[in-house]
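Residue numbers (mature numbering (1 follows the signal peptide of the UniProt record, and there is no 0)): -18 to -1, 1 to 263.
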């Protein structure tokens, strides 16, 4: 009897989500923790706490996914910061995230972002993720979710390359150049619900037979806290068009060159002890 009820729910869901006018909205809370040991043993616990507090606005955010059967936009739910507060990367605060657009039918993803006043459009093909589907379930809100796992290649820029580049580590960096080219992977656990049969999820995640409501990837957790099906006010879902078109590799190269240039400027201003510290996530 339970299986029959579940099947009826799925059939109703499929009928609802196959409508041409269908649109949904999902709100996600994203939280990332920092491995403070990467900053070295020379840094005091008080200083580490100050860094964590200053980066809280950057590491804990709310995002909104607006989606149809084949298209979606994912962007931060921006809130006004308190007067005098400093979020983001602190002195590397020239970074500003925009919108991540996905078209699963065409297999295309476009990420708009801004770095030190220059806008970029990072265009990529959506590759089919190699998910391993499990039978384990758990309840998230009113939705029954199933577990899926995979190991994902991490192509994002690695900010940790700027953490330990003081005078005491210059020699170590020069002798460990092979590590810079090492492919980095992240183990990902997803919880998706077939009750919302949309192959999508937060950020660049998707490719499952249902909307992803929770992601655990490395030190980052993204949890869906609200879902609205066919909201009264529907937001237009369009691909971003403003910015210079680049590949992920070209964008990462630009960030690296600009950040190294900034660090050299700080050193040139006499910022001894400060110029060698970068921000990580």
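All residues carry an ideal CB built from backbone N, CA and C; glycine is no exception.
Leaving aside the five residues that flank residue 33 on each side, none in its chain has a CB nearer than 6 Å to its CB.
Counting along the chain, no beta strand (DSSP E) covers residue 52, and no H or E run does either. By a beta-carbon distance limit of 8 Å, residue 198 contacts residue 171. Their separation comes to about 4 Å. In this structure, the CA atom of residue 206 is about 5 Å from the CA atom of residue 195. Beta-bridge analysis with DSSP links residue 115 to 130. Annotation for residue 223: 103 place their beta carbon closer than 8 Å to its own, counting only its chain and skipping 5 residues before and after. When the beta-carbon positions are compared, residue 173 and residue 107 stay at least 7 Å from each other.
Within the DSSP secondary-structure output, residue 205 pairs in a beta bridge with 11 and 196. In this structure the stretch 43 to 54 does not touch the stretch 225 to 238; the number of beta carbon pairs closer than 8 Å is below three.
Taken atom to atom, the span from the alpha-carbon of residue 136 to that of residue 249 is near 31 Å. The beta carbon of residue 213 lies closer than 6 Å to those of 7 in the same chain, with the five residues before and after it left out.
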